[in-house]
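Trainee: Have a look at this one.
In this note's numbering, the protein residues as written are -19 to 190.
This is the structure in structure tokens:
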């Protein structure tokens, strides 16, 4: 009976340790994910996503949600050389492929031009694509200053500008420190032999005048 209780206690302790490790791992992943979400390229992608989600809620957007079915409308790919749709834009944004808002707007302009070219400028789909393009452009123009700040932050992140500046400052400090240390030396001759003597911090040295 005593041996059974010991084995049960040991098993309970293993379960507690195992659960603690699982909780710790989950927490670490959550923290890493939260840190990534705060990075400029993720903030930028999230803002673009907000605009696209509004587009996808439009009542007549269905024809633009996915690529045109090649089997049902094969002629479309004979006429349109650069097809684009909302699912493709969403996937590219998820991969953080857009570095500027203008690149994002260009996708919707391409979608509008494709609809006009294939269906005609007075068609229902051409008008809907034009309305989508105008909506996206207006949404971005209203927040142009915010997007500019995010674009600059993304550019600095990708180029590593801030890190380079930080490393450069450290090197300058190290060089200055090295120069200061080397200046507290003197060349002396002892028994006809030249040697360099480290004087240390001479600023703290009090000489005896007597």
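Glycine is no exception: its CB is placed at the ideal position from the N, C-alpha and C atoms.
Considering residue 44, what are the terminal residues of the alpha helix (DSSP H) in which it resides?
Mentor: Within the chain shown, residue 44 is the residue found at index 64, counting from 1. Neither: residue 44 is in no alpha helix (DSSP H) and is coded neither H nor E.
Trainee: Determine whether the beta carbon atoms of residue 41 and residue 48 lie at a separation below 8 Å.
Mentor: Within the chain shown, the letter at position 61 stands for residue 41. Within the chain shown, the letter at position 68 stands for residue 48. Not in contact: residue 41 and residue 48 (Cβ atoms no closer than 8 Å).
Trainee: Report the three-state DSSP secondary structure of residue 64 (helix, strand or coil).
Mentor: Residue mapping note: residue 64 aligns to position 84 of the chain shown, counting from 1. If DSSP states are grouped into helix, strand and coil, residue 64 belongs with coil.
Trainee: Residue 70 by DSSP, collapsed to three states: which one?
Mentor: Counted from its first residue, the chain shown places residue 70 at position 90. Reduced to three states, the DSSP call for residue 70 is helix.
Trainee: Let me check understanding here. Comparing Cα to Cα, which of 79, 59, 55, 84 lies closest to residue 69?
Mentor: Start at 1 with the first residue of the chain shown, and residue 69 comes out as number 89. That would be 84, whose Cα lies nearest to the Cα of residue 69.
Trainee: Nearest by alpha-carbon distance to residue 57: which of 137, 97, 111, 132 is it?
Mentor: Working through the chain shown from its first residue, we reach residue 57 at position 77. The option with the nearest alpha carbon to residue 57 is 97.
Trainee: Am I right that residue 133 and residue 20 are in contact with their C-beta atoms under 8 Å? What's the rounded C-beta distance?
Mentor: Residue 133 sits at position 153 when you count from the first residue of the chain shown. Residue 20 sits at position 40 when you count from the first residue of the chain shown. That belief holds up - the Cβ atoms of residue 133 and residue 20 are roughly 4 Å apart, short of 8 Å.
Trainee: Going by beta carbon distance, what residues of the same chain come within less than 8 Å of residue 112, once the five residues before and after it are set aside?
Mentor: As a working note, residue 112 is residue 132 in the chain shown. Correct list, in chain order: 35, 38, 41, 44, 88, 91, 92.
Trainee: Cβ atoms of residue 130 and residue 24: under 8 Å apart, would you say?
Mentor: Here residue 24 corresponds to residue number 44 of the chain shown, with the count starting at 1. Here residue 130 corresponds to residue number 150 of the chain shown, with the count starting at 1. Yes.
Trainee: So, under 8 Å CB-CB, residue 32 and residue 73 are touching, yes? Tell me the CB distance rounded to an integer number of Å.
Mentor: Taking the chain shown and counting its residues from 1, the one referred to as residue 32 is at position 52. Taking the chain shown and counting its residues from 1, the one referred to as residue 73 is at position 93. So it is a contact: roughly 7 Å between Cβ atoms.
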